[in-house]
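These notes concern the structure reproduced below.
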Amino acid sequence: MSDGERDILFMRLALEQAETALKAGEFPVGCVITDGAAVVASGFRKTSRGITPNELDHAEIAALKDLYENRPEAMKRPLCLYATLEPCLMCFGAVLISGIHRIVYAFEDVMGGGTSCSRESLPPLYRSADLTVIPHVCRDESAQLMRAFFSNPENSYLRGTLFAAYAMGDQDNCLS
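The numbers in the sequence shown follow the numbering used here, run straight up by one, and end at 355.
If you want it as structure tokens, here you go:
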């Protein structure tokens with residue numbers, strides 16, 4: 180199996196996590212962490228509903244917690260994180276500290292994505308010489324989940340933001 184085929188296979192599993200979040204009324208982001216052959220951890224976005232959403236329960240953080248709590252032995256192998264949305268700065272920092280060697284994401288986060296940060300200018304703890312970032316794997320499928328979320332009037336999370344406009348294809352209201 181080629182790297183591209185493997186990326187699609189694992190991203191589809193991350194998309195299943197995102198669909199679980201969407202069905203629960205949560206922001207549709209899913210994540211799986213693999214050792215190249217199998218999923219070793221997974222998670223999806225939680226607590227994005229309500230008046231004061233919890234900004235700590237991101238899919239990547241949930242997957243990292245799953246990894247540390249249930250599969251710590253996997254940390255000895257090179258790991259790849261698959262996320263249906265580009266990791267934000269918080270998640271990107273956690274991924275870097277965790278020693279993940281590869282990030283694959285589906286949909287770009289035009290409002291808060293962290294993967295395009297210059298790692299050379301970050302403090303030493305956050306520099307990872309062998310990190311690879313692969314964008315836009317199964318992008319359309321992730322975008323469909325975002326549009327489904329923002330199309331539901333009951334979902335208020337990030338409504339009215341640059342990200343919501345971008346996800347809905349409203350390029351006139353987005354920064355270039």
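Don't be surprised by glycine CBs; every beta carbon is placed ideally from N, CA and C. Keep in mind the model is a prediction, meaning the values are calculated, not measured.
With respect to the C-alpha of Leu-260, the residue from Lys-244, Leu-235, Ile-279 having the closest C-alpha is Ile-279.
By the C-beta criterion, the stretch 339 to 348 is judged not to be in contact with the stretch 210 to 227, since fewer than 3 inter-stretch pairs fall below 8 Å. Closest option to Thr-199, judged by alpha-carbon separation, among Leu-337, Ser-335, Ala-327: Ala-327. Of the other Cβ atoms in all chains shown, fewer than 16 fall within 10 Å of the Cβ of Lys-202; this residue is therefore exposed.
Of the residues Asn-334, Phe-286, Gly-293, Met-290, the one whose Cα lies closest to the Cα of Gln-323 is Phe-286. Gly-229 has its alpha-carbon roughly 28 Å from the corresponding atom of Met-190. Here the C-alpha atom of Lys-225 lies approximately 21 Å from the C-alpha atom of Ile-282. Membership of Phe-206 in any alpha helix (DSSP H) is not indicated, and neither H nor E is assigned to it by DSSP. Secondary structure at Cys-270: helix, using DSSP grouped into helix, strand and coil. For Ser-330, the enclosing alpha helix (DSSP H) covers residues 318 to 330. When secondary structure is reduced to three states using DSSP, Tyr-284 falls in the strand class. In chain order, Phe-329 place their CB closer than 8 Å to the CB of Arg-338, counting only its own chain and leaving out the 5 sequence neighbours on each side. According to DSSP, Ile-313 shares a beta bridge with Val-283. In this structure Tyr-247 is exposed. Its beta-carbon is surrounded by fewer than 16 other beta-carbon atoms within 10 angstroms. Counting along the chain, Tyr-261 sits inside the beta strand (DSSP E) bounded by residues 259 to 264. Assignment of Ile-230 by DSSP, reduced to helix, strand and coil, places it in the coil class.
The beta-carbon distance between Ala-242 and Ile-212, rounded to whole angstroms, is 5 Å. This is short enough to meet the 8 Å contact definition. The Cβ-Cβ distance between Leu-194 and Cys-270 does not fall below 8 Å.
Counting along the chain, the unbroken alpha helix (DSSP H) around Ala-242 starts and ends at 238 to 249.
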